[in-house]
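Engineer: I have a structure I would like to understand better, so I am pasting it below and will then ask my questions one at a time.
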Amino acid sequence: MGFVAKDSGGGDFKKVPPGAYIGRCYSLIDLGTQLTSGQFGEKLQHKIRIGWELFGEDEQGNPLTVEVDGKQMPMTISKSYTVSLHEKAGLRKDLAAWRGRDFTDEEAKAFDVSKLLGAYCMVNATTSETNGKTYTNVAGLTPLPGALKNAKPAPVHEALIFDLDKPDMKVFNAFHEKLKDAIKKSPEWQRNAKQSSGFEDVHNDIPEDCPF
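So that you can map any letter, position 41 of the sequence shown is 988 in my numbering, and since no number is skipped, the others follow by simple counting.
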């Protein structure tokens, strides 16, 4: 399964302003194995991109929406992760903060990330500047405050999932070119590109004691 994490040892773009917002996970994209570079050199890592639709207002009281095909839609934000639940992995740290507790050793053996789809949290967005360009980043995730758990905003964006184990080409073809190019570089794409299918098992049920 492309979404099972394990403890293995165009044009003008409206940016999300800094702040803490209600977020709903609406998008899970399997990026496949990607070549990354960092402090310890280059390595191949399996990556996924998690996306949230955001609900709230900016500092001026303007709703966090953007016009899409003539309709006002919630703004979205995403973050890429290595698919790992190692104790030092960024995915584990963010998911532990999101659910309000760390993973047990048994849970960390294999967690189906697709369970996140439809789950709500608070998304802390910050901005950074690189080479003269400003970027909005997901700085942290926390559980919804108790007062909001029974008053969550209704979903707006359609749930979107792309799994390279069973690629849905209709979903893939809707991606922007930069994202498609990144996925095409993965060995998983090269192995499975000729296969496509839909996704029938979408996890939208959220347990009362845990957001996913």
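We treat Cβ as the ideally placed atom computed from N, Cα and C, and that holds for glycine.
For the pair the stretch 1081–1098 and the stretch 1055–1068, tell me if three or more CB-CB distances fall below 8 Å.
Structural biologist: The stretch 1081–1098 vs the stretch 1055–1068: in contact.
Engineer: Taking the CB atoms as reference points, tell me whether residue 1050 and residue 1021 lie closer together than 7 Å.
Structural biologist: Contact: no.
Engineer: Output the boundary residues of the beta strand (DSSP E) element that contains residue 1021.
Structural biologist: From DSSP, the beta strand (DSSP E) with residue 1021 extends over 1018–1021.
Engineer: Skipping 5 residues on each side, what residues in its chain have a beta carbon closer than 8 Å to that of residue 991?
Structural biologist: If we look at residue 991 and ignore the five residues flanking it on each side, its Cβ neighbours are 980, 981, 982 and 983.
Engineer: Less than 7 Å between the C-beta atoms of residue 1084 and residue 967, yes or no?
Structural biologist: Contact: no.
Engineer: Enumerate in chain order the residues of its own chain whose CB-to-CB distance from residue 1074 is below 6 Å, with the five nearest sequence positions on each side excluded.
Structural biologist: Taken in chain order, the residues that qualify are 965, 1081 and 1083.
Engineer: What would DSSP say about residue 964, mapped onto helix, strand or coil?
Structural biologist: It is coil, neither helix nor strand.
Engineer: Could you name the residues of the same chain whose beta carbon sits closer than 7 Å to that of residue 1124, not counting the 5 residues immediately before and after it, in chain order?
Structural biologist: Closer than 7 Å at Cβ, skipping near neighbours: no residue.
Engineer: Which partner residues does residue 977 have in the DSSP bridge list?
Structural biologist: Answer is 995, bridged to residue 977.
Engineer: Could you pull the start and end residues of the beta strand (DSSP E) that residue 1080 belongs to?
Structural biologist: Note, residue 1080: beta strand (DSSP E), 1080–1089.
Engineer: Taking the runs of the alpha helix (DSSP H) that are 4 residues or longer, which of them lie wholly in the stretch 1032–1103?
Structural biologist: Complete alpha helix (DSSP H) runs here, min 4: 1037–1046 and 1052–1055.
Engineer: Helix, strand or coil for residue 1026, going by three-state DSSP, please let me know.
Structural biologist: The answer is strand: DSSP assigns residue 1026 an E or B state.
Engineer: Going along the chain, which residues of its own chain have a beta-carbon closer than 6 Å to the beta-carbon of residue 1118, five neighbours each way excluded?
Structural biologist: Same-chain partners within the cutoff: 1109.
Engineer: For residue 1006, does the three-state DSSP call read helix, strand or coil?
Structural biologist: In the structure shown, residue 1006 sits in coil (DSSP, three-state: anything other than H, G, I, E or B).
Engineer: Here's the rule: buried if 16 or more other CB atoms are within 10 angstroms of the residue's CB, otherwise exposed. What is residue 970?
Structural biologist: Its Cβ being crowded by 16 or more others within 10 Å, residue 970 is buried.
Engineer: Kindly indicate which three-state DSSP category residue 1131 falls into: helix, strand or coil?
Structural biologist: Here residue 1131 sits in helix by DSSP.
Engineer: Pick helix, strand or coil for residue 987, following the three-state DSSP scheme.
Structural biologist: Coil, per DSSP.
Engineer: Helix, strand or coil: how does DSSP classify residue 958 here?
Structural biologist: At residue 958, the pLDDT of 37 sits below 50, so the modelled position is not reliable and the matter cannot be decided from this model.
Engineer: The beta strand (DSSP E) that contains residue 1122, what's its start and end?
Structural biologist: No beta strand (DSSP E) contains residue 1122, which DSSP labels as neither H nor E.
Engineer: Using a threshold of 7 Å, state whether the C-beta atoms of residue 978 and residue 1041 are closer than that.
Structural biologist: Cβ distance not < 7 Å, so residue 978 and residue 1041 don't count as in contact.
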